[in-house]
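**Student:**
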Amino acid sequence: MERPANVLPARPLRAAERQADGPEIERLEAVDVTRGLAIVAVVVHHVSGLALPLAAPGVAHTALAVLNRSLLFVVPTFLLVTALVLTRSALHAFDARRYYAARARTALGPYLVWTVLYVLFRVATRQDAPDVLLDAKRWWIWLRYGKGYFHLYFLLIALQFYLVLPLALPLARKRPSLRVTLGVALAVQLAVFALNRQVLHLRFPGTMVAWYLPALALGVALGAQNVDVAAWWRRTWRPVSLAALVTFLWFVPLAVTLLDGERVGTLAYAAANTAYTVSAALVVFGLSHALVKTRGGRALSFLGTVSLQVYLLHPALLTLLKAHLPTGGTTLAGAAIGLAIVALGVPVLVAWMLRGTLLSRVLFGR
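The working numbering runs 139 ahead of the 1-based position in the sequence shown.
1. Taking 6 Å as the limit between beta carbons, can you name the residues of its chain near T386, skipping five residues before and five after?
2. So, using beta-carbon positions, are W371 and G425 closer together than 9 Å?
3. Over the uninterrupted alpha helix (DSSP H) stretch that includes K276, give me the two end residues.
4. Which whole-angstrom value is the C-beta distance of G504 and A246, which I expect to be below 8 Å?
5. Between the beta-carbon of L451 and the beta-carbon of A482, is there less than 9 Å?
6. Could you have a look at L294 and say whether DSSP puts it in helix, strand or coil?
7. Distance check for N207 and D160, CA to CA, integer angstroms please.
8. Please state the DSSP three-state secondary structure of Q364.
9. Near N335, which residues of its chain fall below 6 Å by C-beta distance, leaving aside the five closest residues on each side in sequence?
10. Note down the Cα distance separating A383 from L211, rounded to an integer number of angstroms.
11. Determine the burial state of A155: buried for a count of at least 16 other Cβ atoms within 10 Å of its Cβ, exposed for fewer.
12. If contact is defined by three or more beta carbon pairs under 8 Å, each pair taking one atom from either stretch, is the stretch 190 to 209 in contact with the stretch 464 to 473?
13. The alpha helix (DSSP H) that contains P249, what's its start and end?
14. Who are the near neighbours of V271 in its chain, counting only those whose CB is closer than 6 Å to its CB and skipping five residues on each side?
15. Buried or exposed: where does Q448 fall if 16 or more other Cβ atoms within 10 Å of its Cβ makes it buried?
16. If we ignore side chains and look at the alpha-carbon of each, how far apart do D539 and V258 end up?
17. For A438, which of helix, strand or coil comes out of DSSP?
18. Does the pairing of the stretch 233 to 245 with the stretch 293 to 307 give three or more beta-carbon distances under 8 Å?
19. Would you tell me roughly how many angstroms separate the C-alpha atoms of L291 and T264, rounded to the nearest one?
20. Using a Cβ-Cβ cut-off of 6 Å (strictly less than) and excluding sequence neighbours within five positions of G358, which residues of its own chain qualify?
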């Protein structure tokens, strides 16, 4: 039985689903493991970003910058598994009215609620003056571009994908091969990058679904083909991992250079970013299937079921606690690790306390 797709997490398996065949259950749990790995990477990415200005110049600072930039695969990873699960569900039984009603309940509602909450949070923490609450232009930017807070753009990308997925279902039913899908998606993506550079000049292109075509296309293709990813990973882990390593060596130096305030080629950066993040997303997804039956995999699977709660709540915690990070040395490393644990643990506790309540449905769509 297919599980309805949500924005980030999936719910725990129902009893009826656990009576399904073993391989299908493993595939569903592997999606949760992927989300669990990705949400840990999200938190580490954000914590390392806070720690970076406090790190002493030298090896430690460079290593932290490399770590921070290397984790930019998280959004493509979430989009890949979201596209996969949603495509499987839509191809199994698609009803447009129910589909869009469910997306409004589980994605649009939380996006609007959390945009309002985080704008209020910005005012309460003096990141913005109170008069912004009456500025219609600012509200339009926050809602149109996912700029209510730095992380909300992902929900906007997911909403855009939900809108256009039904248009892709006729192609998905043809079950295109993964290689053809990836090749076409990469070519179209490069064309989009070039078009934006020469003509469109989008203000915030990273908040647009068209900026993540390869990850979404692969997710749709994997969902349409119902591929045995565990078997695929056993066959292809070497070339896929090699691709991730090679593109890592291409992208991360460019990303660190840009992070240091130096100029890099826009098109080269975008191409390297796409190549690395998609390769890394495939590695994470494949690795998740190898981890499903392990103790760590079970813990990650649980974390994946509450990944939306972690995603939405942890930035507020980081903002409130970042002042306690010390400057430089091993003390900074220990404090950053502690901050990451708190940023993961508190949202998990909140999700557990609110499970099954009306407030949970309002805040998280479930």
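The beta carbon of each residue, even a glycine, is placed where N, CA and C say it ideally should be.
**Tutor:** So, from the data block:
1. Contacts found: A414, Y415, S418.
2. yes
3. 275 to 284
4. Yes, they are in contact, since the Cβ atoms of G504 and A246 sit about 6 Å apart, within 8 Å.
5. no
6. helix
7. Reliability fails at D160, whose pLDDT of 46 lies under 50, so the model's placement of it is uncertain and the value that follows must be treated cautiously. Roughly 39 Å separates the two Cα atoms.
8. helix
9. L341, P344
10. 13 Å
11. Its pLDDT being 38, under 50, A155 is placed unreliably in this model, and the coordinates cannot settle the point.
12. Judged by Cβ distances under 8 Å, the stretch 464 to 473 makes contact with the stretch 190 to 209, as three or more pairs qualify.
13. 248 to 263
14. R277
15. buried
16. Since the first and last residues shown for the chain are 140 and 505, residue 539 lies out of range.
17. helix
18. yes
19. It is roughly 18 Å from the alpha-carbon of L291 to the alpha-carbon of T264.
20. If we look at G358 and ignore the five residues flanking it on each side, its Cβ neighbours are L219, A222, L223.
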